[in-house]
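The numbers in numbering that gives the first Met the number 0 rise by one with no breaks, and the one at position 152 of the sequence shown is 151. Each residue gets a CB set at the ideal place from its N, CA and C atoms; glycine is no exception. Because the structure is a prediction, the values reported are computed rather than measured.
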Amino acid sequence: METAKPRSKARRNFLLGGLAVTGALVVGWGVMPARQRLTGSVPFPVHDGEVALNGWVKIAPDGTVTVAMPRNEMGQGVHTALPMLVAEELDVPLSAVRIENAPIDKIYGDVTILPTSLPIHPDSRGVVQSAVVWLTRKAAREFGIMVTGGSSSVRDSWQPMREAGAAARAALVGA
0 METAKPRSKA
10 RRNFLLGGLA
20 VTGALVVGWG
30 VMPARQRLTG
40 SVPFPVHDGE
50 VALNGWVKIA
60 PDGTVTVAMP
70 RNEMGQGVHT
80 ALPMLVAEEL
90 DVPLSAVRIE
100 NAPIDKIYGD
110 VTILPTSLPI
120 HPDSRGVVQS
130 AVVWLTRKAA
140 REFGIMVTGG
150 SSSVRDSWQP
160 MREAGAAARA
170 ALVGA
């Protein structure tokens, strides 16, 4: 009769350790505050007396407002819709707003395209689906991928554009 060899606990310890580290990383990453999207690490370039009020909006001495445009026009009207939001917040006519290509920075990343591209039905409200969408959204915000597609440009940028316009107006009123 053979005697059974004692099983090594190395594999079990490795798996439990890996699970603990993964859990700690997910929890730690999850409690990090969301990355702000108004001021980037790369300043919005200014020319000839312009003043950059945040990472999205700058104003020239003649009153012309320039908006950073991180999206390409692909037939969705994004080059009209996004400047229109800033014009509304600043209470200036749309004709006084122009666009300029945004510098490469994480604040201009599209955080909507990745979660909406997941193979999850929009009506799914399960715990796993919600966790996957949350994690994908968090990753998209941290990575800051500048991309155009999936009809996500306005869905993604309307809030930062509105906040940028409102912050610019508050800075001008407070000056």
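Name the DSSP beta bridge partners of asparagine 100, please?
Taking the first residue of the sequence shown as position 1, residue 100 is located at position 101. In the DSSP output, where bridge partners are listed per residue, asparagine 100 has Met68.
Smallest Cα separation from proline 114: which of Ala9, Leu134 and Trp55?
Position 115 of the sequence shown, counted from the first residue, corresponds to residue 114. Here the closest residue by C-alpha is Leu134.
Can you give the beta carbon distance from glycine 39 to lysine 137, rounded, assuming they're within the 8 angstroms contact cut?
Within the sequence shown, the letter at position 40 stands for residue 39. Within the sequence shown, the letter at position 138 stands for residue 137. That pair is no contact at about 19 angstroms.
Tell me, to the nearest whole angstrom, how far the beta carbon of methionine 145 is from that of tyrosine 107; I am working on the premise that it is less than 8 angstroms.
Sequence index remark: in the sequence shown, residue 145 carries index 146 (1-based). Sequence index remark: in the sequence shown, residue 107 carries index 108 (1-based). Contact flag correct, Cβ pair sits at about 5 angstroms.
Looking at the structure shown, is valine 56 part of a helix, part of a strand, or coil, going by DSSP?
Here residue 56 refers to the residue found at position 57 of the sequence shown. In this structure, valine 56 counts as strand in the three-state DSSP scheme.
What does the alpha-carbon distance come out to for the pair leucine 256 and glycine 54?
In the structure as shown, the chain starts at 0 and stops at 174, and residue 256 therefore has no counterpart that could be examined.
Okay, do the stretch 5–22 and the stretch 40–52 touch, 3+ Cβ pairs below 8 angstroms being the bar?
These segments do not touch.
Does the contact criterion of 3 or more C-beta pairs under 8 angstroms hold for the stretch 110–130 versus the stretch 146–157?
Yes, the stretch 110–130 touches the stretch 146–157.
Given 8 angstroms as the limit, is there contact between the stretch 78–93 and the stretch 162–170, that is, 3 or more CB pairs closer than that?
They touch, by the three-pair rule.
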